[in-house]
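Worksheet: the structure to be examined is printed underneath.
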Amino acid sequence: MGPRWKGKGSEAKALADPMSKIVSQLQSPLIQSDCHGLLSGCSVLLGIETEQTELFNRACFGRPRSQYGVDFVAYRHHPALVHSEYAVLVLSEEDDNANGRLRVWSDFHCTLRLCGSVAKTLLALRIGKNGAGDVFPSCLERYSVEERTITRWSAERSCEGKTIVENGTA
76 MGPRWKGKGS
86 EAKALADPMS
96 KIVSQLQSPL
106 IQSDCHGLLS
116 GCSVLLGIET
126 EQTELFNRAC
136 FGRPRSQYGV
146 DFVAYRHHPA
156 LVHSEYAVLV
166 LSEEDDNANG
176 RLRVWSDFHC
186 TLRLCGSVAK
196 TLLALRIGKN
206 GAGDVFPSCL
216 ERYSVEERTI
226 TRWSAERSCE
236 GKTIVENGTA
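Each residue of the sequence shown is one higher than the last, beginning at 76 in the working numbering.
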């Protein structure tokens, strides 16, 4: 499924100024300035220059969304132009999924139905800690992220011995 645009001209505007270009414009000055952030709860406090503020506003990737039963939703383009495309769950290996999400098949099924009903793809991120110690700024190197995109399983499309033709291919 492709992006669901919010209005006339949104697609043309997004394609003329792609997110990858905005991220590149943002990365370069942040690397050059050797910028550091301060982790405060679930937020990062970051001191930036005035000209970087507009780029940060255009590079909005996600918003908290507990209403979908996920941690946040993620966008392919700016939220003013397109509806969110992914519902993201962040799972930690360290706490052995203590939050209790996605432990049994029915959890997957319910979450996928909810995501599907609001036209979102479920993206599950499992965060693993590789070693000990959380000394900033090198602590990020001690973590790994495993990502899985999970789509709804359809019995009709997955029957053994049955070939389904879609878009002219088997």
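Heads up, the beta-carbon is just placed ideally off N, CA and C, and yes, glycines get one too.
Closest by CA to residue i, which one among the options?
{"i": "Tyr143", "options": "Tyr161, Leu101, Leu200, Leu156", "result": "Tyr161"}
{"i": "Thr226", "options": "Val220, Glu124, Asp146, Leu198", "result": "Leu198"}
{"i": "Leu130", "options": "Glu124, Leu113, Leu101", "result": "Leu101"}
{"i": "Cys185", "options": "Val145, Asn205, Val165", "result": "Val145"}
{"i": "Met94", "options": "Arg217, Ala149, Asn205", "result": "Ala149"}
Report all residues from its chain with a CB closer than 7 Å to the CB of residue i; omit the five preceding and five following residues, and keep chain order.
{"i": "Lys96", "result": "none"}
{"i": "Val165", "result": "Asp146, Leu200, Ile202"}
{"i": "Lys88", "result": "Leu156"}
Tell me the residue span of the alpha helix (DSSP H) that contains residue i.
{"i": "Val98", "result": "94-107"}
{"i": "Ala89", "result": "85-91"}
{"i": "Leu189", "result": "180-192"}
Leaving out five residues on either side along the sequence, give the residues of the same chain with a beta carbon under 6 Å from the beta carbon of residue i.
{"i": "Cys222", "result": "Looking at the sequence itself, residue 222 is Glu, so the reference to Cys does not match. Taken in chain order, the residues that qualify are Leu200."}
{"i": "Pro78", "result": "Arg151, Val157"}
Could you check if residue i is buried or exposed, using at least 16 other CB atoms within 10 Å of its CB as the buried criterion?
{"i": "Lys195", "result": "buried"}
{"i": "Cys190", "result": "buried"}
{"i": "Leu156", "result": "buried"}
{"i": "Ser192", "result": "exposed"}
{"i": "Leu120", "result": "exposed"}
{"i": "Ser159", "result": "buried"}
Span of the beta strand (DSSP E) holding residue i?
{"i": "Ser250", "result": "Residue coverage of the chain in this structure runs from 76 to 245, which leaves residue 250 outside it and unanswerable."}
{"i": "Gly203", "result": "196-204"}
{"i": "Ala155", "result": "Looking at the DSSP string, Ala155 is not in any beta strand (DSSP E), and its letter there is neither H nor E."}
{"i": "Ile123", "result": "No beta strand (DSSP E) holds Ile123; DSSP gives it neither H nor E."}
{"i": "Val148", "result": "147-149"}
{"i": "Thr224", "result": "218-225"}
I want to see whether chain B comes within less than 8 Å of residue i, judged by CB atoms only; does it?
{"i": "Cys110", "result": "As a matter of chain content, chain B is missing from the structure shown, which is built from one protein chain."}
Near residue i, which residues of its chain fall below 8 Å by C-beta distance, leaving aside the five closest residues on each side in sequence?
{"i": "Phe183", "result": "Leu177, Ile225"}
{"i": "Gln127", "result": "Leu101, Pro104, Leu105"}
Is it true that the region 92-110 meets the region 177-186, where meeting means three or more beta-carbon pairs spaced less than 8 Å apart? Of all C-beta pairs linking the region 92-110 to the region 177-186, fewer than three are shorter than 8 Å, placing the two stretches out of contact.
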